[in-house]
Each structure stands twice: as C-alpha cells, then as structure tokens.
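Below: the structure, in structure tokens.
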Amino acid sequence: MKILFVAVMNFVLVGAMSAQPAEPLPKADREIALYEGTPPGSEGWNLTERTIFNTEVGLEFTQNVARPSLLYFAPAAGKATGTAVIVAPGGGGVNLTIRFEGTRVAQQLARAGVAVFVLKYRLVAHPTDSSMSKAFRRDEKGIVIEGPQKGQDVRALAFADAERAMAYVRSHAAEFECDPHRVGVVGFSAGGEIACHLVAGPMETRPDFFAPIYGASGFAPPAADAPPVFLAAAADDVWGADGSLALFKAWREAKRPAELHIFQMGGHGFLVRGGGGDHVLDRLEEWMRTNGWLERASARRRARAED
C-alpha cells in the first residue's frame, strides 16, 4: 500500500483560526533541536512556525516546521521504567496534530513511567501571510511544485528527521535514564508511516517496538527479528483499517508479535466518539505493560539479581 504524505484526512485542512482552545498546550520539560543551525534541505525556506486552533474540529495544528525538534516529557516522579517512546503526530505531512496525537499521548505515557519525545518533523509549508486553508501543492510523486520548497520531497526530509531523532534518543539514553534497547515509536496517520519507515531501516535507528495507529503504510516485509507491533484503526476508516490488517497479516505470517484492534467506528483519527478508539491509549498502555515495557527499572534489576 502506498499512501504517502498526502491529506488523507478531511480534518487536516485548516479552517477558521480565530477561536482558541480552552486550555494551553501542555508544556514540555525540554525542547531539543535535532540539528545545529539550518537542517540540510531547509536552506532558504524562511518559514514561520505556528500553532493554530481549527474551530471546525476543535484541534490544534502546528504548521511550517522548518527546524525539527523533540519535545521531551519526563516520566512521572518515582515511576521511571527506563523505556522511551518517540511520538510522531499525524496531519497529512502538512500539519502536526500537536495535542490530540502528540502532547496528550506524551502526558499519558509519562504518567506510566515512560520518557516521551514528541517529534516535530518537517512539513510541506502553508503560506504564512494569509489564512489559506491548503498547503503548497505537490505532484503525484509528492514533490512540492510551488512555494519555498519547490522541487523538494519534504516527506524524505521528515523521514531523515525521524532517523535523527531515534539516533539522538539512543545515544543520549543515559542522560534520560533510559535503556537504549527499550526505545519505541508511536505514530498516528502520517506519523504511522514514519514509524513503519524506521522499522524497515538499519538496526541503529530501528525501534524496539512500534505502534502505527490508523497509519500502517509503506511498510516492508518483516525481518526475522522485526519488532513487536501494536495496531489500531476504525472499521469505517478504509485506509487506516486496510493498512493495519495488511501489516498484522504480514507480522503474523512471519511469526512476529502483533496486536490488532479494529474498532467498529471512529473514522480516520478516531474523531467519531464512542466506537472504542476513544480509549486507544489505554489499550496501548495495556499492551506495553503486557510486554514488560512499563516494568520499572528497579524491578528488572531485582529480577536479574534473583536469577
């Protein structure tokens, strides 16, 4: 299946921007730049990053990311497990659904003892001098055909950002009191494609577990040591469900660990409430606990000592 960084969701297009959410976005403990100076490929972009509130769906979108970074959310005091997760929000490659698929995910996993890094990866630009709802246009291959990124494949740059993020978390694991062999990726929609891209890559940037939520796309056949996967989508989201079913089948046939949830309804993004997708983060947390990633580091050390 080849659904790439296109606006596969109606809600990624930005409507009115005057109203504001009831609460400010959760503040990260740190924001970590992934590159010193201008990232390779972003020369001449001259974009102003912004986060707006879409009144049509009641969600915040971050746009015009030119300097990718990680928003670090520390695990709750006394609960650190040594596990780290990179969270890649979706948004069709033109927005980041920053709260719904980013900071709220980070908060829940941090409460469970996970060190969480929300990835702000590079996006196809929106005009910054108007309230136009659409990003600059791309051709059928995903190449931008107008605006400051003309001629570029921004999706490839987003993949590079994800690889750099994984390398950063692994190389700085001790700083965050994490195990470099317990680093997972959770991706939503376009962010799920990022997660699948990392799984198909070299070992140094391959996650130890991954969860493409309504975003299983662009995945390669699983290797013999492919990491465990958690999948979730709604039955009334054809793209999300079909991709999730295909990846689950591939992992199951390869005898690799896989868990799949297809909820009766929810649409793309689980914006239709009441179909089970409302609680997908609880199901994700249960899966992580079942596989030992929410077991505290001190408990693991005691178990090893007893063995």
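According to mature numbering (1 follows the signal peptide of the UniProt record, and there is no 0), the stretch in the sequence shown is residues -21 to -1, 1 to 286, in order.
Cβ atoms here follow ideal geometry from the backbone N, Cα and C, with glycine treated the same way.
This structure is a prediction, so every number in the text was calculated from the model and none was measured.
### Query
Hey, F209 and L263: beta-carbon distance below 8 Å or not?
yes
### Message
Applying the 10 Å Cβ sphere with the 16-neighbour rule, what's the burial state of Q128?
### Response
buried
### Message
Measuring CB atoms only, is the region 90 to 106 touching the region 143 to 158, in the sense that at least three cross pairs come out at less than 8 Å?
### Response
Segments in contact, yes.
### Task
State the start and end residues of the unbroken alpha helix (DSSP H) segment that holds G171.
A169 to V178
### Query
When DSSP labels each residue in this structure, what does T41 get in the three-state scheme?
strand
### Query
In the structure shown, what three-state DSSP assignment does F138 receive?
Residue state, collapsed to three classes: helix.
### Query
What does a CB cutoff of less than 6 Å around E80 pick up in its chain, not counting 5 residues either side in sequence?
Only P68, G69 and F167 meet the Cβ criterion.
### Query
Among P106, G170 and P47, which residue has its Cα nearest to the Cα of G71?
G170
### Task
State whether the region 204 to 218 contacts the region 226 to 236, with contact taken as three or more CB pairs (one from each stretch) at a distance under 8 Å.
yes
#### Entry: Pairwise C-alpha distance: Y100 and A137
Cα to Cα, A137 sits roughly 5 Å from Y100.
### Task
Could you tell me which of Y51, R161, L102 and S48 sits nearest to I122, measuring between CA atoms?
Scanning Y51, R161, L102 and S48 for the CA closest to the CA of I122 turns up L102.
### Query
How close, in whole Å, do the beta carbons of A220 and I241 come, if the pair is a contact with beta carbons under 8 Å?
6 Å
### Query
So what's A153 in DSSP terms, helix, strand or just coil?
helix
### Cβ-based burial, A85 [other Cβ within 10 Å; buried from 16]
buried
### Message
I'd like the ranges of any alpha helix (DSSP H) spanning at least 4 consecutive residues and lying wholly in the region 162 to 244.
### Response
Those alpha helix (DSSP H) runs which fall completely within the region 162 to 244 and span 4+ residues are 169 to 178 and 217 to 232.
### Message
With a threshold of 8 Å, are at least 3 pairs of Cβ atoms found where one atom belongs to the region 5 to 23 and the other to the region 44 to 53?
### Response
yes
#### Entry: F(-11) - DSSP class collapsed to helix/strand/coil
For F(-11), the pLDDT reaches just 40, beneath the cut-off of 50, and the residue's location in the model is therefore unreliable, although a value from the coordinates is still provided. Note: F(-11) maps to helix in three-state DSSP.
### Task
Write down the C-beta distance between G222 and A195 rounded to the nearest angstrom, noting that I regard them as a contact closer than 8 Å.
For G222 against A195, the beta-carbon gap comes to about 4 Å, under 8 Å, which counts as contact.
### Query
In three-state DSSP terms, what is T269?
In the structure shown, T269 sits in a helix (DSSP, three-state: H, G or I).
### Query
Counting along the chain, where does the alpha helix (DSSP H) carrying R90 start and finish?
R83 to R90
### Message
Between which two residues does the beta strand (DSSP E) holding residue 332 run?
### Response
As shown, the chain starts at -21 and ends at 286. That puts residue 332 outside it, with no answer to give.
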